[in-house]
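Notes to accompany the following structure.
Next up, the structure:
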């Protein structure tokens with residue numbers, strides 16, 4: 001049976017059957033399954049939408065920020081609702097540099113998926129960059145993207161700023177267990193372009 005834990009959002013206790021977060025600059029909340037009566041749900045969802053954090057086992061799971069989430073709602077019995085809160089795929093841009101950086105974060109989440117993790121990650125990369133990629137490049141490019149030091153070295157050689165961050169970060173699911181998996185992507189177009197160009201030049205990938 002899937003575990004259920006109590007979480008607190010702005011003082012309101014509700015139940016959660018899935019929580020996932022990634023160790024980025026802070027512990028940023030990425031996905032949350034909530035089970036609550038309608039009155040409680042009507043309170044916590046606007047608070048999550050406003051960018052408020054979640055308290056789970058006396059530790060804070062930080063939100064990605066205001067308007068970063070969308071909820072997929074369903075109904076159980078006797079006025080009880082369930083909602084899966086996931087990152088909003090629509091980018092929200094403003095003048096704040098930190099907000100822009102957070103808006104670039106892509107989250108790949110799957111549940112009991114038969115599709116392999118690498119296929120999911122590759123598909124997300126291909127659909128979020130203008131850089132032309134071939135499926136045959138999947139393994140060598142993902143191998144490099146998993147090595148932040150290598151990418152930063154290549155960026156520096158091309159006169160670009162080193163980013164000093166992990167490009168592919170696993171998500172942790174303290175609630176939900178092995179039924180859920182995911183990664184957080186912080187790969188920009190320059191990362192992909194430099195990786196592809198260098199591998200092409202070295203004959204590691206071909207057209």
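Numbering (full-length UniProt numbering), first residue to last: 1 to 207. The beta carbon of each residue, even a glycine, is placed where N, CA and C say it ideally should be.
Item, Value
"Cβ shell of residue 21 (< 7 angstroms), same chain only, five flanking positions each side left out", "27, 28, 29, 30, 61, 171 and 172"
"Helix, strand or coil at residue 3 [DSSP, three-state]", "coil"
"Residue 17 burial status per 10 Å Cβ neighbour count (16 or more: buried)", "buried"
"heavy atom of the ligand ADP below 7 angstroms from residue 20 C-beta", "The ligand ADP is not among the ligands present in this structure, which contains no ligands whatsoever."
"Residue 29, enclosing beta strand (DSSP E) - first and last residue", "27–37"
"Ranges of the beta strand (DSSP E) found wholly within the stretch 48–97, counting only runs of at least 3", "54–56, 59–61, 69–75 and 80–87"
"Residue 177 (DSSP reduced to helix, strand or coil)", "helix"
"Short Cβ contact (8 angstroms threshold) for residue 86 with residue 69", "yes"
"Residue 156, DSSP secondary structure in three states", "helix"
"Residues sharing a beta bridge with residue 16, DSSP", "5 and 34"
"Burial state of residue 104, where buried means 16 or more other Cβ atoms lie within 10 Å", "exposed"
"Environment of residue 95 [buried if 16+ CB atoms lie within 10 Å]", "A caution first: residue 95 carries a pLDDT of 48, below 50, which makes its placement in the model too unreliable to give a value."
"Candidates 25, 145, 63 and 4: closest to residue 10 by CA position", "63"
"Within 8 angstroms, strictly: CB atoms of residue 83 and residue 41", "yes"
"Collapsed DSSP secondary structure at residue 191 in the structure displayed", "helix"
"Per-residue DSSP class, three states only, for residue 121", "helix"
"Sequence-distant residues of its chain with Cβ nearer than 7 angstroms to residue 1 (five each side left out)", "Summary for residue 1: the model assigns pLDDT 49, below 50, so the residue's position carries little reliability, and this model does not support an answer."
"Status (buried if at least 16 other CB within 10 Å, exposed otherwise) for residue 191", "buried"
"Inter-residue Cα distance where the pair is residue 139 and residue 58", "40 angstroms"
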